[in-house]
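Enquirer:
2 protein chains.
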Amino acid sequence: MATEPRSPLASLAPATPLTERQEARRRRILQATTQLASRGGFDAVQMREVAELSSVALGTLYRYFPSKVHLLVATMQDQLEHLHETLRKRPPTDQDPAARVAQTLMRAFRAMQREPHLADAMVRALTFADRSVSAEVDTVSRLTTAIVLDAMGLTGRPSPEQLSAVRVIEHTWHSALITWLSGRASIAQVKIDIETVCGLIGTPAEPARA
Amino acid sequence: MATEPRSPLASLAPATPLTERQEARRRRILQATTQLASRGGFDAVQMREVAELSSVALGTLYRYFPSKVHLLVATMQDQLEHLHETLRKRPPTDQDPAARVAQTLMRAFRAMQREPHLADAMVRALTFADRSVSAEVDTVSRLTTAIVLDAMGLTGRPSPEQLSAVRVIEHTWHSALITWLSGRASIAQVKIDIETVCGLIGTPAEPARA
DNA sequence: GACCCATCTGAAACTTGTTCTAGATTAGCG
DNA sequence: CGCTAATCTAGAACAAGTTTCAGATGGGTC
Numbered sequence: 001m002a003t004e005p006r007s008p009l010a011s012l013a014p015a016t017p018l019t020e021r022q023e024a025r026r027r028r029i030l031q032a033t034t035q036l037a038s039r040g041g042f043d044a045v046q047m048r049e050v051a052e053l054s055s056v057a058l059g060t061l062y063r064y065f066p067s068k069v070h071l072l073v074a075t076m077q078d079q080l081e082h083l084h085e086t087l088r089k090r091p092p093t094d095q096d097p098a099a100r101v102a103q104t105l106m107r108a109f110r111a112m113q114r115e116p117h118l119a120d121a122m123v124r125a126l127t128f129a130d131r132s133v134s135a136e137v138d139t140v141s142r143l144t145t146a147i148v149l150d151a152m153g154l155t156g157r158p159s160p161e162q163l164s165a166v167r168v169i170e171h172t173w174h175s176a177l178i179t180w181l182s183g184r185a186s187i188a189q190v191k192i193d194i195e196t197v198c199g200l201i202g203t204p205a206e207p208a209r210a
Numbered sequence: 001m002a003t004e005p006r007s008p009l010a011s012l013a014p015a016t017p018l019t020e021r022q023e024a025r026r027r028r029i030l031q032a033t034t035q036l037a038s039r040g041g042f043d044a045v046q047m048r049e050v051a052e053l054s055s056v057a058l059g060t061l062y063r064y065f066p067s068k069v070h071l072l073v074a075t076m077q078d079q080l081e082h083l084h085e086t087l088r089k090r091p092p093t094d095q096d097p098a099a100r101v102a103q104t105l106m107r108a109f110r111a112m113q114r115e116p117h118l119a120d121a122m123v124r125a126l127t128f129a130d131r132s133v134s135a136e137v138d139t140v141s142r143l144t145t146a147i148v149l150d151a152m153g154l155t156g157r158p159s160p161e162q163l164s165a166v167r168v169i170e171h172t173w174h175s176a177l178i179t180w181l182s183g184r185a186s187i188a189q190v191k192i193d194i195e196t197v198c199g200l201i202g203t204p205a206e207p208a209r210a
């Protein structure tokens with residue numbers, strides 16, 4: 001863990017900006033990954049297949065994404081950015097911040113239901129990631145936090161309590177997804193869990209209960 | 001996924017009761033697993049090494065535990081049973097149910113801090129487990145639920161709201177562990193998250209509508 | 001255009017989880 | 001005891017993630 005001998009492609013803001021061909025390669029790789037993951041989930045994303053499908057040598061694939069988990073976490077980041085865009089255009093409408101957050105997460109959940117295999121690949125990679133991926137996972141986490149904070153629609157800086165609540169919401173979100181993906185919880189149960197945890201967000205209209 | 005052609009060793013209450021030698025083998029395997037996991041976490045648990053360390057052929061190891069994840073989930077089950085025993089003997093003392101649950105989870109968390117590599121192996125296996133392990137993961141989940149319900153010390157059957165709260169607490173527990181294990185959250189932060197989510201117990205918050 | 005260096009390619013090699021096979025051992029039973 | 005089926009062993013074989021390396025290609029510089 002000394003100075004990073006990593007490729008210049010590792011971070012979000014690359015030291016060396018990518019050439020056009022490199023950008024295109026990266027796109028092709030992520031697209032191939034999405035395609036394979038949508039078909040069969042985590043196991044169906046095989047590095048050799050990703051390389052072939054994106055017309056890139058295996059070694060090159062590993063230069064762009066140093067492991068399968070990195071690759072899938074990057075895919076999740078990609079998807080989350082899309083989601084964030086979509087949500088910005090059509091934000092949740094409810095009056096209550098807690099309800100807005102729940103609404104937002106349920107919207108994301110429905111997106112996952114449409115591509116359960118893809119969801120499987122991304123979420124499993126995210127929770128399986130070890131320290132070597134923590135920077136990338138952190139980026140995903142910050143994106144998720146941003147989405148939730150947006151949904152809360154708060155004015156000004158979030159309080160420490162609000163940040164705690166948001167972290168717990170994210171915990172619940174990830175773990176509930178896992179239980180759903182592995183067939184141990186129903187869609188209805190995930191919904192209940194999300195709504196329950198969103199109760200941690202203070203309702204401004206209502207004072208704290210006794 | 002038709003009729004199970006699995007070994008009679010698969011479930012908790014085996015169809016064929018194990019002979020003494022078989023029981024001893026199982027013990028040796030789990031002990032070897034714990035030992036290797038304690039040394040280097042998930043990656044250090046290598047099936048060939050587990051087999052050798054427990055003086056069992058590789059094929060036999062796979063007969064007892066059909067995959068590495070099964071093996072580690074069984075290890076977690078083992079550890080949780082110990083924890084449950086310990087907690088029964090010295091239950092948390094606080095007046096407030098929420099505080100008792102938080103206290104209990106923090107105790108478990110301190111146990112994990114003593115063996116972070118072992119924790120890594122078990123928790124990563126648990127969240128990485130796919131459908132083929134869902135029965136075993138479910139057993140672990142039920143054990144965890146039992147521990148939390150014990151800590152709540154409730155009289156009579158838990159209400160649906162209480163069960164939701166407990167599920168959300170478990171979600172937070174698992175996911176917070178993950179973030180700690182991958183170095184993205186401090187011990188203090190895990191503590192805060194646990195205490196935050198335990199707030200769902202005492203004051204039955206209204207679920208947000210989506 | 002010639003040269004240089006980083007990058008990319010193709011293919012083999014290595015690692016570790018998992019499966020398979022042939023033969024030895026064990027447990028249960030008459 | 002002797003038989004039979006299940007279990008166990010040793011080891012090869014296979015699958016997929018990862019690494020490595022020799023050579024080809026591309027982009028920038030003189």
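Protein chains in written order, with UniProt numbering: chain A, 1 to 210; chain B, 1 to 210. Backbone N, C-alpha and C define an ideal beta-carbon position, used for all residues, glycine too.
1) In chain order, what residues of the same chain have a beta carbon less than 7 Å from the beta carbon of Gly41 of chain B, not counting five sequence neighbours either side?
2) Below 7 Å between beta carbons is the criterion; list the residues of the region 167-181 of chain B that meet it against any residue of chain A, in chain order.
3) Which whole-angstrom value is the C-beta distance of Pro97 of chain B and Gly202 of chain B, which I expect to be below 8 Å?
4) Pick helix, strand or coil for Asp96 of chain A, following the three-state DSSP scheme.
5) Are residue 237 of chain B and Gln113 of chain B closer than 8 Å when you measure CB to CB?
6) Determine, using beta carbons only, whether Val197 of chain A comes closer than 8 Å to chain B.
7) Measuring CA to CA, which of B:Val50, B:Ile194, B:Leu83 is closest to Gln31 of chain B?
8) Between Ile29 of chain A and Leu61 of chain A, how many whole angstroms is the CB-CB distance? I'm expecting something under 8 Å.
9) Measure the CB-CB distance between Val168 of chain A and Val197 of chain B and report whether it falls below 8 Å.
10) Under 8 Å: do the region 97-110 of chain B and the region 141-159 of chain A share three or more Cβ pairs, one atom per stretch?
11) Identify which residue in B:Ala108, B:Val73, B:Ala74 has its Cα closest to the Cα of Ala176 of chain B.
12) Inspect the beta-carbon positions of Leu181 of chain A and Val123 of chain A and report whether they are closer than 8 Å.
13) Beta carbon of Met106 of chain A, beta carbon of Ile194 of chain A: below 8 Å?
14) Determine the direct distance from the alpha carbon of Asp130 of chain B to that of Leu71 of chain B, and round the result to whole angstroms.
15) Ile201 of chain B versus chain A: which residues are under 8 Å apart at the beta carbon?
16) Note down, in chain order, every chain A residue with its Cβ under 7 Å from the Cβ of Ile192 of chain B.
17) Nearest-angstrom Cα distance between Arg48 of chain A and Tyr64 of chain A?
18) Using a Cβ-Cβ cut-off of 8 Å, state whether Arg124 of chain A counts as contacting chain B.
19) Within this structure, are the beta carbons of Leu126 of chain A and Val73 of chain A separated by less than 8 Å?
20) Which residues, in order along the region 124-151 of chain A, keep a beta-carbon less than 8 Å from a beta-carbon of chain B?
21) Let's test the definition: count the other Cβ atoms within 10 Å of the Cβ of Arg21 of chain B and tell me whether it reaches 16, buried, or not, exposed.
22) What residue from A:Gln189, A:Glu161, A:Met152, A:Ser55 has the CA that sits closest to Glu161 of chain B's CA?
23) Is there a C-beta anywhere in chain B that falls below 8 Å from the one on Arg25 of chain A?
24) If we ignore side chains and look at the alpha-carbon of each, how far apart do Arg142 of chain B and Trp173 of chain B end up?
25) Near Gln103 of chain B, which residues of its chain fall below 7 Å by C-beta distance, leaving aside the five closest residues on each side in sequence?
26) Does Arg88 of chain B pass the burial test, meaning 16 or more other C-beta atoms within 10 Å, or should it be called exposed?
27) Measure the alpha-carbon distance for Val166 of chain A versus Thr139 of chain A and round it to whole angstroms.
28) Between which two residues does the alpha helix (DSSP H) holding Val190 of chain A run?
29) Taking all protein chains shown into account, decide if Ser164 of chain A is buried (16 or more other Cβ within 10 angstroms of its Cβ) or exposed.
Expert: The structure says:
1) His117, Asp120, Ala121
2) Arg167, Val168, His171, Thr172, His174, Ser175, Ala176, Ile178
3) 6 Å
4) coil
5) This structure does not reach residue 237 of chain B, given that chain B is present from 1 up to 210, and the question cannot be answered.
6) yes
7) B:Val50
8) 6 Å
9) yes
10) no
11) B:Ala108
12) yes
13) yes
14) 13 Å
15) None at all; the shortest Cβ gap to chain A is about 11 Å.
16) Ser164
17) 14 Å
18) yes
19) yes
20) Arg124, Thr127, Phe128, Ala129, Asp130, Arg131, Val133, Ser134, Val137, Asp138, Ser141
21) exposed
22) A:Gln189
23) no
24) 14 Å
25) Pro92, Asp94
26) exposed
27) 16 Å
28) 187-198
29) buried
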